[in-house]
Each structure stands twice: as C-alpha cells, then as structure tokens.
Amino acid sequence: MDDEVLEEEWSIMYQESEKVKVLDSTTFRKPVKYIKVRKPLVLACGRTAKDALDLMRECKSGCVLIVKGGALVGILTERDLLLRVVDAGKDLAKAKVEDFMTPEPEAFQPDDSVAFALNAMVVGGYRHVPIVNDKNEPLAVVSVKDIVNFIADHFPDDLLNLPPRPIRRTEEREGA
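So in our numbering the end of the sequence shown lands on 176, straight run, no missing numbers.
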C-alpha cells in the first residue's frame, strides 16, 4: 500500500476518534423540551377509573393526567389503578379518578433541565413527570423511557450497530 494512502487513512481514522461523543452534565442541563415526548393523556375530574384505563390501553400509555378547569390536579398511573383500585376490590366503572390519583404531582416547565426531571424520578420513584405551562396546563409527560431514548440518541451508531443479543463466551461452565 502506498505511504500516502496509508497516511490518509490514518488521518481519517484519527479525525473520527477525535469526534468523541460525550454524555456529561452539559447534556443533562438541556431543557426537557428537547426530549421527544408524546402529548399527554388528559381526563377531567369526575371521570371513572375505567375511563382512565380504557384511554391508557387505547393510547398505549402508562399514565393519564387529571385536570380541573384545564389545570393539572393529579396523575393516575397504571400502578395506581392496580394497587389502589383493583387490589382494593373497587369497581372500575364507579371509582372516580380523583379518589385514586396522586394529587398535585411534581411538575416541570419546558425550560427546566433534564437533570431536574431525572432527579425527581430517581428520588421520588416516579416513572412519569408532567410538563406544564405557566397556567399549570399539561403540555407533555416525560417518562423514564423518554429519558433513556434521549440518552441513546447521543450514541445512535454505537447502539444501532450492536448485535440483537450480547455475545457471551465463557470457558468455564456457569451455574449448577
């Protein structure tokens, strides 16, 4: 191989290695409005747990935001439905969402950082956090999955080029 060609190839490889993808605190200081999210599912107070369950099932979502006069007053998750309604033996068709929702959930504004939302999820054990405007009207819901996708978007080539299953090679027998 010609020395010039080899030198050019090394130069290209060196330049590529210089483009290191960094996932650091700067990434997490970005506003939550940069996370790809879906519009929130919203139900008014007075609706039933069955209404909430049907809406979540239809839209394949894990939560619904409860509003009164357009403003956020609570969040009802699939976990709430399971543990507070079904497990308690309540009738889904008669149970009102406001009786089983988490009232006044911690909510964020579009310009709040991803770090704040992630911290709330970790500390509070939440899988979903609402995003609201200045009038406390729901704009979006950020889920743990949304944050994982946000992180994964920083490494698309690295993740998309992985084999579907990890390759595990062991010389010694594992297990019993």
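Backbone N, C-alpha and C define an ideal beta-carbon position, used for all residues, glycine too.
Residue of the options minimising C-alpha distance to residue i
i                 : options                          : result
proline 31        : Asp111, Lys94, Ile131 and Arg38  : Asp111
aspartate 99      : Ile147, Val85, Asn149 and Phe155 : Val85
phenylalanine 108 : Ala52, Cys59, Asp146 and Val141  : Val141
threonine 102     : Leu92, Asp87, Val64 and Gly89    : Val64
arginine 38       : Ala117, Ala152, Lys145 and Asp87 : Lys145
Spatial neighbours of residue i in its chain, beta-carbon cut-off 7 Å, leaving aside the 5 residues before and after
i            : result
alanine 115  : Phe28 and Arg29
alanine 95   : Thr48, Ala49 and Val85
alanine 71   : Lys135, Asn136 and Glu137
serine 17    : Because serine 17 carries a pLDDT of 43, less than 50, the predicted location of this residue cannot be relied on, and no value is offered for it.
arginine 132 : Sequence inspection shows valine at residue 132; the arginine mentioned does not correspond to that position. Only Leu72, Ala107, Gln109, Pro138 and Leu139 meet the Cβ criterion.
valine 122   : none
leucine 76   : Ala52, Cys63, Val64, Ile66, Val97, Phe100 and Met101
cysteine 59  : Leu41
Neighbour-count burial assignment, residue i, 16 or more Cβ in a 10 Å radius
i                 : result
leucine 23        : exposed
glycine 124       : exposed
glycine 46        : exposed
phenylalanine 155 : exposed
serine 25         : exposed
alanine 52        : buried
glycine 74        : buried
aspartate 54      : exposed
alanine 93        : exposed
aspartate 80      : buried
methionine 1      : Residue confidence is low: methionine 1 scores 49 on pLDDT, short of 50, so the model does not pin down where it sits. Its coordinate-derived value is still stated next. Answer is exposed; the Cβ neighbour count stays below 16.
valine 148        : exposed
alanine 117       : buried
Boundaries (first-last residue) of the alpha helix (DSSP H) holding residue i
i            : result
glycine 74   : Glycine 74 -> not in any alpha helix (DSSP H); beta strand (DSSP E) instead, spanning 71-77.
alanine 152  : 144-152
leucine 81   : From DSSP, leucine 81 is part of no alpha helix (DSSP H); its letter is neither H nor E.
lysine 60    : No alpha helix (DSSP H) holds lysine 60; DSSP gives it neither H nor E.
threonine 26 : 25-28
Neighbourhood of residue i by C-beta, 8 Å cutoff - its chain only, sequence neighbours within 5 removed
i                 : result
alanine 44        : Ile66, Val67 and Lys68
phenylalanine 150 : Tyr34, Ile35, Lys36 and Val114
alanine 120       : Glu106, Phe108, Tyr126 and Val129
methionine 13     : Low confidence applies to methionine 13: its pLDDT is 47, below 50, so where it sits in the model is not reliable, and the reading given next is rough at best. Here the set comprises nothing.
leucine 82        : none
Own chain residues within Cβ distance below 6 Å of residue i, not counting five before or after
i             : result
serine 189    : Only positions 1 to 176 of the chain appear in the structure, and residue 189 is not among them; the question remains open.
glutamate 104 : none
Endpoints, the beta strand (DSSP E) within which residue i is located
i          : result
leucine 65 : 63-68
leucine 43 : 42-44
Cutoff 7 Å: residue i Cβ touching any chain B Cβ
i            : result
glutamate 98 : The displayed structure is made up of one protein chain only, and chain B is not part of it.
Worksheet entry | Contiguous beta strand (DSSP E) assignments of at least 3 residues, all confined to the segment 90-140 | 128-132
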